[in-house]
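Novice:
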Amino acid sequence: MTGMTAIASAGVQPATYRATGKLVALAFCGLALLAALAVDLSTGPSGMPLDTLLPALLAGPHGADRMAATILWQLRMPEAAMAALVGACLGLSGLQMQTILDNPLASPFTLGFSAAAGFGAAVAILFELSLPLPAIYAIPVAAFAMTLLAAGIIYLIARVTGASPEVLVLAGIAVLFFFQSLQSFLQYMASPEALQQIVFWLFGSLQKSTWSAVFTVALILAVTLPFIIRDCWQLTALRLGEDNAASLGVKTWALRRRTFVLTALLTAAAVSFTGTIGFIGLIAPHAARAVVGEDHRFALPMSALAGAAMLAGASAFGKAVSPGGVIPVGIVTAVIGVPLLFAILVLARKGRPA
Amino acid sequence: MSLEIRNMNVMRGGTRTLCDVSLSLSGGQVTAVAGPNGAGKSTFLAALAGLLPHDGTVLWNGAPLDRRALAYMPQNTDVRSALTVLEVMLLGRLDRLGVRVGQDDVADALALLARFGLAGLSGRTMPTLSGGQRQLVMLSQRLMRRPQVLIMDEPTSALDIRHQMEALGHVKPMPVTAARRCSSPCMTSILRHDSVASCCSSHTAVSRRPGRMQMC
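Here the protein sequences line up with chains A and B, keeping their order.
Letter 100 of the first sequence, counting from 1, is numbered 1449 in our numbering, and no numbers are missing.
Letter 22 of the second sequence, counting from 1, is numbered 66 in our numbering, and no numbers are missing.
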């Protein structure tokens, strides 16, 4: 009887009611991101209590307290901003990939993008001296180019064979193994010093963040956002399945193609400055769908916010655990992320009506 | 009101699966498409819906059929993702959906669900419904488009006899007042000549040889 009344009352104004709930969830996730960023900014080798942090934040990069200003604005802020941006990029591209490939396993890892970026970085590290650019630019540029190359290869294979989601996933995994082997070969050939550098890059770390890197990632995110927003409903329609979406007028192949280009750009931007942090791209979308459902108007921003909050949190955790030497954030994300993913899967199962 | 199909040919994988189909269907009636397996029924319906490349012309009231005026329900409509029933209904009006969802669209969706006896299910996710309920939701989603031409490929395969009769009763031509501008289906194509579907239809297009189709 109570069940019947619950259904009846839910039927009165479900759309407005549910949208409010989803907006509240988005706001909560935004607050979680802010909290994670605050903790991230206040932790570090020298520490910084909140009562120093706030004045230094408000005073800006040219504040009177020179030491606090330098630590905050030159050292910690780029890392924190990078964590939020990279997390958002990975969350967005992960959700888009899972939608266009109709596959809950899809992520920047699965499609070989991360492996390609790693190979690009390894090439740049190994041939550092013969490159025209200094390493700080050469590594991200090479990683970015290699990620786009991997995307191009997958795209070509899909184009030739008819672009079914299965073929895209298969091509992605093949590309993953291909670039991983190339990268292993380079590691095998490398000198011990270069090898150490390559391995450290592959861990994925925010410590190489600079303001120019932050602005580059922010720019790419800003350029792709309007296109992502425009396709929100089309992507939601794709969740109906291929035949249904096509019968409603969605040009599924064109939609897949443009979304694929966007995800390649976002992933390339995210991984080329930080290294292999792919796990966020797998679990942020699952978290987002578990909380706000399949409607991409809410799931996309939620996935971006969740990814940003997770990476900022992981960064703070990595610094807090070993105040002296920072644990690379790529290691922390997987260690924290796996229990989190299990928790999400269990909660999502419970929340589903029988 | 009439739907004219002239000299429709469909090539699939190098073979001609539909051969010079010419049919004339008058508006406001239900037409069943019948024929043995592999006769090209689904191909004909998908081509009519504009989803398969074909030659020949399809005219609605003398003008080329506008895709916005038709709704097509393919054979396989199963939804595996956790979309809610209301979201699925709203997607029926994909062209109109913006950042905000119009309250009239929501009201129409709820009214249609109520007509199919699905009123209490609007907040449920698709995988939690029974196969028959899912099929009814997908059928109502097509009616959200207020189609002038409704094309359905085995729309009632998962329904029990009573629900088949009911569902097809809803899509049968009805006075415009009763239709409440929610739907005015003028042609319904249904597969399976041996089912309840053909009892509800007034006309049948039959394909006796593969690729050929004629009225009877």
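Heads up, the beta-carbon is just placed ideally off N, CA and C, and yes, glycines get one too.
Run through DSSP, which three-state label would L194 of chain B get?
Specialist: strand
Novice: Considering only residues of the segment 1363 to 1417 of chain A, which uninterrupted alpha helix (DSSP H) runs meet the minimum length of 4 residues and lie entirely inside it, listed in chain order?
Specialist: 1363 to 1391 and 1399 to 1408
Novice: Determine the closest residue to R1605 of chain A out of A:V1566, A:I1680, A:K1668 and A:I1503, with distance taken between C-alpha atoms.
Specialist: A:I1503
Novice: Do F1462 of chain A and T1496 of chain A come within 8 Å of each other at the CB atom, strictly closer than that value?
Specialist: yes
Novice: Can you tell me whether N81 of chain B is buried or exposed? The criterion is at least 16 other CB atoms within 10 Å of its CB, across all chains shown.
Specialist: exposed
Novice: Rounding to the nearest angstrom, what Cα-Cα distance links Q1546 of chain A and I1474 of chain A in this structure?
Specialist: 7 Å
Novice: Can you find a CB in chain B that lies within less than 8 Å of the CB of S1596 of chain A?
Specialist: Output row for S1596 of chain A: interface = yes.
Novice: Anything in the segment 113 to 134 of chain B with a Cβ closer than 9 Å to a Cβ of chain A? List those residues in chain order, please.
Specialist: A115, Y116, M117, P118, Q119, N120, T121, D122, V123, R124, S125, A126, L127, T128, L130, E131, V132 and L134
Novice: List the residues that DSSP assigns as beta-bridge partners of D99 of chain B.
Specialist: B:N53
Novice: For A1566 of chain A versus A1618 of chain A, is the C-beta spacing smaller than 8 Å?
Specialist: It is Val, not Ala, that sits at residue 1566 of chain A in the sequence shown. Yes, the Cβ-Cβ distance between V1566 of chain A and A1618 of chain A is below 8 Å.
Novice: Would you mind giving the Cβ-Cβ distance between G1667 of chain A and I1632 of chain A, rounded to the nearest angstrom? I have them listed as a contact below 8 Å.
Specialist: So it is not a contact: roughly 17 Å between Cβ atoms.
Novice: Give me the residue from B:D149, B:H98 and B:A93 with the minimum Cα distance to G57 of chain B.
Specialist: Checked all of B:D149, B:H98 and B:A93; the closest Cα to G57 of chain B is B:H98.
Novice: What is the DSSP secondary structure of S1456 of chain A, counted as helix, strand or coil?
Specialist: coil
Novice: Against chain B, does N1593 of chain A count as a neighbour if the rule is that its beta carbon must be under 8 Å from one of theirs?
Specialist: For N1593 of chain A, the nearest beta carbon of chain B is closer than 8 Å to its own beta carbon.
Novice: Between the segment 1564 to 1581 of chain A and the segment 109 to 122 of chain B, can you find at least three pairs of beta-carbon atoms closer than 8 Å?
Specialist: no
Novice: On a CA-only basis, which of A:L1689, A:A1658, A:I1626 and A:G1662 is nearest A1464 of chain A? Give me that one, please.
Specialist: A:I1626
Novice: Please decide whether A1464 of chain A counts as near chain B, where near means a Cβ-Cβ distance under 8 Å.
Specialist: no
Novice: Does the segment 1584 to 1599 of chain A come close enough to the segment 1427 to 1438 of chain A to have 3 or more Cβ pairs within less than 8 Å?
Specialist: no
Novice: In whole angstroms, give me the CA-to-CA distance for T156 of chain B and M188 of chain B.
Specialist: Per the sequence presented here, residue 156 of chain B reads as Leu, with Thr not at that position. So the alpha carbons of these two residues sit roughly 8 Å apart.
Novice: Compare the C-beta of I1693 of chain A with all C-beta atoms of chain B and state if any pair is closer than 8 Å.
Specialist: no
Novice: Taking a cut of 8 Å between CB atoms, which residues from the segment 1630 to 1643 of chain A lie near chain B?
Specialist: Those would be R1638, G1642 and E1643, in chain order.
Novice: Please list, in chain order, all residues of the same chain as T169 of chain B whose beta carbon is under 6 Å from its beta carbon, the five residues on each side excluded.
Specialist: The residues A126 and T128, in chain order, have a CB closer than 6 Å to that of T169 of chain B in the same chain once the five nearest residues on each side in sequence are set aside.
Novice: Under 8 Å, Cβ to Cβ, is there at least one residue of chain B near L1589 of chain A?
Specialist: Flagged as an interface residue toward chain B: L1589 of chain A, by a C-beta distance shorter than 8 Å.
Novice: How many angstroms separate the CA atom of V1518 of chain A from the CA atom of I1485 of chain A?
Specialist: 33 Å
Novice: Going straight from the alpha carbon of R50 of chain B to that of V74 of chain B, what length do you get?
Specialist: 19 Å
Novice: Okay, do the segment 1608 to 1623 of chain A and the segment 1439 to 1451 of chain A touch, 3+ Cβ pairs below 8 Å being the bar?
Specialist: yes
Novice: Starting from the C-beta of T1397 of chain A, find all residues in its chain whose C-beta is less than 6 Å away, skip the five residues before and the five after it, and write them out in chain order.
Specialist: Residue 1397 of chain A is actually Met in this sequence, not Thr. These residues qualify, in order along the chain: S1391.
Novice: From M133 of chain B to G176 of chain B, what does the alpha carbon distance come to, in whole angstroms?
Specialist: 16 Å
Novice: For chain A, check one thing: does any of its Cβ atoms lie closer than 8 Å to the Cβ of D139 of chain B?
Specialist: yes
Novice: Leaving out five residues on either side along the sequence, give the residues of the same chain with a beta carbon under 6 Å from the beta carbon of R1508 of chain A.
Specialist: none
Novice: A76 of chain B by DSSP, collapsed to three states: which one?
Specialist: strand
Novice: Could you check if V1695 of chain A is buried or exposed, using at least 16 other CB atoms within 10 Å of its CB as the buried criterion?
Specialist: Classification for V1695 of chain A: exposed.
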